[in-house]
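Everything in the sequence shown is counted per our numbering, starting at 1 for the first residue and increasing by one.
Data first, discussion second: the structure below is written as C-alpha cells.
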Amino acid sequence: MFYPENKLRASWDFFVLAITVLGAIVIPLSVVFDYFTSDTAASVLLITPAVFIADILVQFNTGFYRLGKIVTKRSSVALRYLKRWFTLDLLAALPMGLVFRIFFPAAGTLSLLLTLNPLLKLIHSGTTLYRIGGTRVNPAILRLVLLIFWILLVAHLVSCGWILISSNPENLTPVPLYIRAFYWTITTLTTIGYGDITPTGSMQTIFVIFIELLGAAMYGMIIGNIANLIANINVAKSQYKDKLDKINAFLNYRNIPYDLQRKINDYYNYLWESRRGYDEAAVIQDLPIALKTTVALQINREIIEKVPLFQSASEDLIREIVLNLKPVVFTPGDTIVTAGEVGFQMYFISQGSVDVLSADEHTVYATLTAGQFFGEIALLLSMPRTATIRAREYCDLYRLDKENFDRVIQRYPDFAERINELAEKRKAEIEAIQQTKDQETKERDIPEEIEEIQAEHTGGAVTLRWNWVKDLRRYEVIRRDPRTGKWVYLEKNALEPNVTDPQPDTDRPTLYRIRAIKTSGPGAWSKTLAVEPAAEEESETE
Numbered sequence: 001m002f003y004p005e006n007k008l009r010a011s012w013d014f015f016v017l018a019i020t021v022l023g024a025i026v027i028p029l030s031v032v033f034d035y036f037t038s039d040t041a042a043s044v045l046l047i048t049p050a051v052f053i054a055d056i057l058v059q060f061n062t063g064f065y066r067l068g069k070i071v072t073k074r075s076s077v078a079l080r081y082l083k084r085w086f087t088l089d090l091l092a093a094l095p096m097g098l099v100f101r102i103f104f105p106a107a108g109t110l111s112l113l114l115t116l117n118p119l120l121k122l123i124h125s126g127t128t129l130y131r132i133g134g135t136r137v138n139p140a141i142l143r144l145v146l147l148i149f150w151i152l153l154v155a156h157l158v159s160c161g162w163i164l165i166s167s168n169p170e171n172l173t174p175v176p177l178y179i180r181a182f183y184w185t186i187t188t189l190t191t192i193g194y195g196d197i198t199p200t201g202s203m204q205t206i207f208v209i210f211i212e213l214l215g216a217a218m219y220g221m222i223i224g225n226i227a228n229l230i231a232n233i234n235v236a237k238s239q240y241k242d243k244l245d246k247i248n249a250f251l252n253y254r255n256i257p258y259d260l261q262r263k264i265n266d267y268y269n270y271l272w273e274s275r276r277g278y279d280e281a282a283v284i285q286d287l288p289i290a291l292k293t294t295v296a297l298q299i300n301r302e303i304i305e306k307v308p309l310f311q312s313a314s315e316d317l318i319r320e321i322v323l324n325l326k327p328v329v330f331t332p333g334d335t336i337v338t339a340g341e342v343g344f345q346m347y348f349i350s351q352g353s354v355d356v357l358s359a360d361e362h363t364v365y366a367t368l369t370a371g372q373f374f375g376e377i378a379l380l381l382s383m384p385r386t387a388t389i390r391a392r393e394y395c396d397l398y399r400l401d402k403e404n405f406d407r408v409i410q411r412y413p414d415f416a417e418r419i420n421e422l423a424e425k426r427k428a429e430i431e432a433i434q435q436t437k438d439q440e441t442k443e444r445d446i447p448e449e450i451e452e453i454q455a456e457h458t459g460g461a462v463t464l465r466w467n468w469v470k471d472l473r474r475y476e477v478i479r480r481d482p483r484t485g486k487w488v489y490l491e492k493n494a495l496e497p498n499v500t501d502p503q504p505d506t507d508r509p510t511l512y513r514i515r516a517i518k519t520s521g522p523g524a525w526s527k528t529l530a531v532e533p534a535a536e537e538e539s540e541t542e
C-alpha cells in the first residue's frame with residue numbers, strides 16, 4: 001500500500017501525466033494523418049493503455065487522507081476509487097479505437113472518435129498537477145499554466161478536426177498542412193477571422209459555426225481568467241501595496257512630516273523584504289499546539305542555533321521558549337531599552353546589530369550582533385537597566401516577557417541557575433567596561449602639556465605665546481617670585497594663548513609655567529621657561 005505523500009508515488013503521477021499529454025498530442029495527429037502504422041504512433045497507442053491500466057492498479061493500492069488521518073484499509077481505498085475516478089480511468093485505458101480499427105474497419109467515424117478515448121484521462125490532470133506541485137509553486141501560477149495548456153490543447157484538437165473535415169485540397173505535406181490549420185484555428189478562436197481560409201460545403205460550415213461559438217465563449221472566459229490570475233499571482237504583495245496605500249493616505253491626511261513618512265515607508269519596505277509583510281505570530285496563531293511548536297521551531301531554528309544559551313538546553317525547554325518568543329522589528333536609531341528603566345523583557349537578536357551605550361549615551365560599551373541576547377540582567381536580578389540599547393540598523397529581534405520567562409525557568413532549575421550566572425557575568429563585564437571607558441574618557445579629556453612657548457620683549461614687558469589647545473576652558477600662567485622663591489599667578493583666566501607680563505625681572509631671568517584647563521580638569525604644567533632680561537640680550541648682541 002502506497003502512502004499519499006510517497007515520493008515514488010509522486011514520480012509515478014508525473015510519469016502518467018507526461019504520457020497523457022503526449023497521447024493528447026500524438027493520437028489526434030495519428031487520426032488525421034493516418035499514422036497508425038508509424039513507429040511513434042504505434043508506440044504511443046500501445047504504451048498509453050498499458051500505463052493507464054497500471055495506474056488503475058496503483059490507485060487501488062494508494063491510501064488517502066480522511067479527517068487528517070491516512071486510511072490504508074484496502075476495502076475503503078477501493079470503494080473510494082470506484083466512486084470517484086475508476087470509470088473514467090477505465091474508459092481512458094481501454095484501447096477501443098484500436099480494436100474497432102482492426103476488427104471493425106467499416107466503423108469509420110466511430111472508430112476515429114473511439115481512438116481519442118485516452119484523452120479522457122486529461123480531465124483530472126489538473127488535480128494531479130496540483131498534487132505534485134501545489135505546495136512548491138504559487139497556485140495562481142499553476143492555474144495560469146493549466147489555462148494556457150487547455151487553450152493550446154483545444155486549438156490542437158480543433159486544428160486536427162479542421163484537417164479531418166477539409167482534407168487536403170492543396171496537397172500539402174503534413175507539417176505545412178498542420179501549420180495552416182493551426183493558423184485558421186487561432187484566428188477563428190480569437191474572433192479575428194481574416195477570411196483567407198473559408199469553409200466549403202455544409203459539413204465545414206457547421207464545423208466553423210460551432211468553432212466560432214466556442215471561440216466567442218472562450219474569448220470572454222480567457223480574458224476574465226487571465227486578468228484574475230495575473231491580479232492574484234502574488235496575493236501577499238497586492239495586500240501589502242493596499243495596506244501601504246492606506247497608511248500613506250492616513251499620513252497625508254494627518255499632515256505627518258515628510259521625514260517621518262519616509263521612515264514609516266522604509267519600515268514597511270523592510271518588513272516586505274525580510275518577511276513578505278507577514279506577522280509570524282498571527283500566521284501560526286490558529287494552528288494546533290503540535291503544529292504551532294513545529295512551525296515555531298522551524299522559523300526560529302537559526303536563532304536557537306546561534307544563541308550559546310540554548311546549546312545545552314533540553315528539547316522541552318527549547319520548545320517552551322520558542323512558543324513564547326514574540327518577533328519585533330526596530331529601525332535604525334531606535335532605542336530598544338533605556339538605562340535606569342525597570343525591564344520586563346529580554347531580547348534575542350536574529351538579524352542586525354545593536355549598540356550597548358552608557359546612561360548618557362555618549363560611550364559605546366559593546367556592539368551585539370546576530371545570535372546574542374540582552375536585557376537578561378534587569379529581567380533576572382530585578383534591577384533597573386544598566387545600559388541603553390540602540391539599534392544600529394534594521395533589527396529583527398525576538399522578545400521574551402518576564403512573566404513567560406519566569407514560568408518557564410521555574411520548571412528547569414538547572415537552566416535558571418545557568419542563566420543567572422550568565423547575568424551576573426554580563427553585569428560584571430558591563431561594570432568593568434564602564435569603569436575602563438570612564439577612565440579612558442577622563443584621561444582623554446585631560447589637556448596635554450603645553451609646549452613650544454615663545455617669549456617676546458615689547459617696551460619693557462614680556463609677551464608669552466603658545467599653541468592653541470582644543471576645547472579649552474581657560475589657561476593659567478604662573479611666574480617665580482625671586483624674593484620668596486614661590487610660584488605666583490600671573491594670570492588665572494586667560495582665554496587666548498598669549499599673556500603679557502608688564503613687570504618682568506630686570507636683573508635676572510624671569511621663570512614662567514603655563515597649563516590648560518578643561519571642564520574635566522587641569523592639564524600638567526609646562527616645563528619652566530626662563531626669559532632673560534631685555535638689557536642683557538641687547539648687550540650680548542652688541
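A virtual CB, placed ideally from N, CA and C, is assigned to each residue, including glycine.
- In the DSSP assignment, G333 is bridged to no other residue.
- Going by DSSP, A455 is part of the beta strand (DSSP E) stretching over Q454 to T458.
- In terms of Cβ geometry, H457 and A524 do not form a close pair [threshold 8 Å].
- For Y394, no beta strand (DSSP E) run applies, since DSSP gives it neither H nor E.
- Spatial neighbours of V356 in its own chain (CB-CB distance under 8 Å, excluding positions within 5 residues in sequence) are listed in chain order as V364, Y365, A366, T367, L368, F374, A387, T388, I389 and I430.
- Taking C160 as reference, the option from F149, L147, R143 and L116 with the minimal CA-CA separation is L116.
- Looking at the DSSP output, Q351 shares a beta bridge with D396.
- Spanning the alpha carbons of D13 and S125 requires a straight line of approximately 10 Å.
- Ranking A339, E376, G371 and F348 by CA distance to the CA of H362 puts A339 first.
- E448 and D316 have their C-alpha atoms roughly 60 Å apart.
- Our two residues, A296 and K326, have alpha carbons roughly 10 Å apart in a direct line.
- Your pair V477 and A494 checks out as a contact, with CB atoms roughly 6 Å apart and the cut at 8 Å.
- Under DSSP, G521 takes part in a beta bridge, and its partners are K518.
- In the DSSP assignment, Y365 falls within the beta strand (DSSP E) that extends over V364 to L368.
- In the DSSP assignment, E532 falls outside any beta strand (DSSP E), carrying neither H nor E.
- Counting along the chain, V462 sits inside the beta strand (DSSP E) bounded by residues A461 to R465.
- Counting along the chain, no beta strand (DSSP E) covers E451, and no H or E run does either.
- Between V158 and I222, the C-beta gap is not smaller than 8 Å, which leaves the two residues out of contact.
- At the C-beta level, K83 and T20 stay beyond 8 Å of one another.
- When DSSP reads this structure, Q345 sits in a beta bridge with D401.
- For K492, the uninterrupted beta strand (DSSP E) segment begins and ends at W487 to A494.
- With contacts defined by Cβ atoms closer than 8 Å, F2 and G63 form a contacting pair.
- Here the alpha carbons of A10 and R74 stand approximately 20 Å from one another.
- Nearest C-alpha to V469 among I514, R426 and P482: I514.
- Just so you know, the alpha carbons of L17 and R131 end up roughly 12 Å apart.
- Residue pairing from DSSP leaves D360 without any beta-bridge partner.
- Looking only at L164, N225 and D196, the smallest Cα-Cα distance to W150 is reached by N225.
- Under a 10 Å Cβ-count criterion, V531 is classified as buried, with 16 or more other Cβ atoms of the shown protein chains found around its own Cβ.
- DSSP places T62 within a strand segment (E or B) once states are collapsed to three.
- In the DSSP assignment, R480 falls within the beta strand (DSSP E) that extends over R474 to R480.
- Your pair K518 and D481 does not check out as a contact, with CB atoms roughly 28 Å apart and the cut at 8 Å.
- The secondary-structure analysis by DSSP pairs I70 across a beta bridge with Y65.
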